[in-house]
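> Below is one structure. I have some questions about it.
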Amino acid sequence: MSGAADLENGDGNHHLVTSDNPDHPANLIPSLCAKFWTLGWVTGTGGGCSIRDDDLVYIAPSGVQKELMKNTDIYVLALSRQTDLKNRVYLRSPPCGKPSQCTPLFLAAFTKRGAGCCIHTHSQWAVLVTLILETQGPGRDKLFEINNIEQIKGFGQGFQKQGNLGYHDTLRIPVIENTAHEEDLTEFLEEAMDKYPDTYAVLVRRHGVYVWGDNVHKAKTMCESLDYLFQLAVEMKKLGLPWLADVPQVLPSSKR
2 MSGAADLENG DGNHHLVTSD NPDHPANLIP SLCAKFWTLG WVTGTGGGCS IRDDDLVYIA
62 PSGVQKELMK NTDIYVLALS RQTDLKNRVY LRSPPCGKPS QCTPLFLAAF TKRGAGCCIH
122 THSQWAVLVT LILETQGPGR DKLFEINNIE QIKGFGQGFQ KQGNLGYHDT LRIPVIENTA
182 HEEDLTEFLE EAMDKYPDTY AVLVRRHGVY VWGDNVHKAK TMCESLDYLF QLAVEMKKLG
242 LPWLADVPQV LPSSKR
């Protein structure tokens with residue numbers, strides 16, 4: 002059984018997931034997951050999404066077809082009341098189902114980075130990038146790097162830093178090894194966050210990627226940008242093109 006054994010008011014507090022506002026987290030998570038399903042990110046019940054609204058955390062359930070999810074499927078917990086992340090206390094849980102195995106990883110993004118949203122996908126492009134890196138051998142397989150691609154501008158400079166990366170900057174995404182049980186990834190995800198404090202994502206070898214942002218908009222757009230870059234990286238590899246290139250800056254005459 003997962004660490005969600007202790008449920009407080011497990012089948013009550015339905016008001017926490019009831020709202021006519023489409024931007025309410027309990028409505029937004031099913032809407033986002035339905036979109037992610039069309040992209041192949043959450044196929045076969047895999048992947049998920051969590052949104053933090055101040056102290057309340059809304060979490061997609063495990064084992065539910067993500068394109069069919071409803072607001073009544075959502076779990077809710079209070080971040081400040083979690084004294085043991087392996088035995089989490091939920092303010093609201095659906096009458097059936099179980100909390101996402103991704104929950105402690107989502108909570109890591111909220112507690113260590115102050116994120117407002119965390120997305121986990123099983124994107125094929127993310128998996129392929131980790132497999133390509135795996136062929137590079139020890140010491141070269143733990144970090145995805147790419148530069149001089151316009152889409153890199155979609156990423157922030159880093160934790161508590163202002164502005165976004167530029168075209169000539171290098172985007173770095175750490176890679177951690179997969180484990181048999183999703184919750185066991187938590188320690189390694191946190192270690193990657195500590196080693197690469199400016200990253201907004203962590204790749205999981207042969208599994209997928211976790212992406213977080215200050216809010217839903219930023220997490221979603223960075224996840225989309227990453228998937229674009231992962232697909233581009235796979236195609237570049239096919240053509241023998243390097244992910245890192247020395248491209249000189251081009252300036253208009255007025256700035257020379």
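Heads up, the sequence shown is in the numbering used here, so the first residue is 2 and it goes up one at a time.
Backbone N, C-alpha and C fix where the C-beta goes; we use that ideal spot for every residue, glycine too.
Considering only C-alpha positions, which residue in the set K36, L78, R89 and W38 is nearest to N14?
L78
> Below 8 Å on the Cβ atoms is my guess for D170 versus I153; work out the distance and round it to an integer in Å.
Taking C-beta atoms under 8 Å as the contact rule, D170 and I153 qualify, at a distance of about 6 Å.
> Can you name the start and end residues of the beta strand (DSSP E) that N148 belongs to?
L144 to N148
> With a threshold of 6 Å on Cβ separation, who are the neighbours of S3 within its own chain once the five nearest residues in sequence on each side are excluded?
Its pLDDT being 41, under 50, S3 is placed unreliably in this model, and the value from its coordinates should be taken loosely. For S3, where only same-chain residues beyond five positions count, there are no Cβ hits under 6 Å.
> Using 9 Å as the threshold, is the C-beta distance between G187 and P100 below it?
Checking the displayed sequence, the identity of residue 187 turns out to be Thr instead of Gly. No, the pair does not count as a contact, with Cβ atoms beyond the cut-off.
> Between R89 and F111, what straight-line distance do the alpha-carbon atoms span, to the nearest angstrom?
15 Å
> Going by beta-carbon coordinates alone, are C50 and C97 separated by less than 9 Å?
no
> Looking at C-alpha atoms only, which residue of A193, D215 and L240 is the closest neighbour of G157?
D215
> Please state if the CB of L57 and the CB of L92 are separated by a distance shorter than 9 Å.
Result yes, Cβ atoms of L92 and L57 sit closer than 9 Å.
> For V65, which residues from the same chain have a beta carbon less than 7 Å from its beta carbon, with the 5 sequence-adjacent residues on both sides left out?
Excluding five sequence positions before and after V65, the CB atoms of its chain that fall closer than 7 Å to its own CB belong to T46, D74 and G98, given in chain order.
> Are the beta-carbon atoms belonging to I174 and V210 less than 9 Å from one another?
yes
> Which of helix, strand or coil does DSSP assign to W213?
strand
> Is D147 near L230, with beta carbons less than 9 Å apart?
First, the residue type needs correcting, since residue 147 is Ile and not Asp in the sequence shown. In contact: I147 and L230 (Cβ atoms closer than 9 Å).
> Buried or exposed: Y59, going by 16 or more other Cβ atoms within 10 Å of its Cβ?
buried
> Cα-Cα, which of F189, E184 and L245 is closest to E178?
Nearest option by C-alpha distance: F189.
> Rounded to whole angstroms, what's the CA-CA distance from L242 to V235? Just pull it up for me.
CA-CA distance, L242 to V235, rounds to 10 Å.
> Should S63 be labelled buried (16 or more other beta-carbon atoms within 10 Å of its own) or exposed?
buried
> So, helix, strand or coil for D85, using DSSP?
coil
> Give the DSSP bridge partners of G49, in chain order.
H121
> For P95, is the classification buried or exposed, using 16 other Cβ atoms within 10 angstroms of its Cβ as the cut-off for buried?
buried
> Check V251 in the structure and name its three-state DSSP category.
coil
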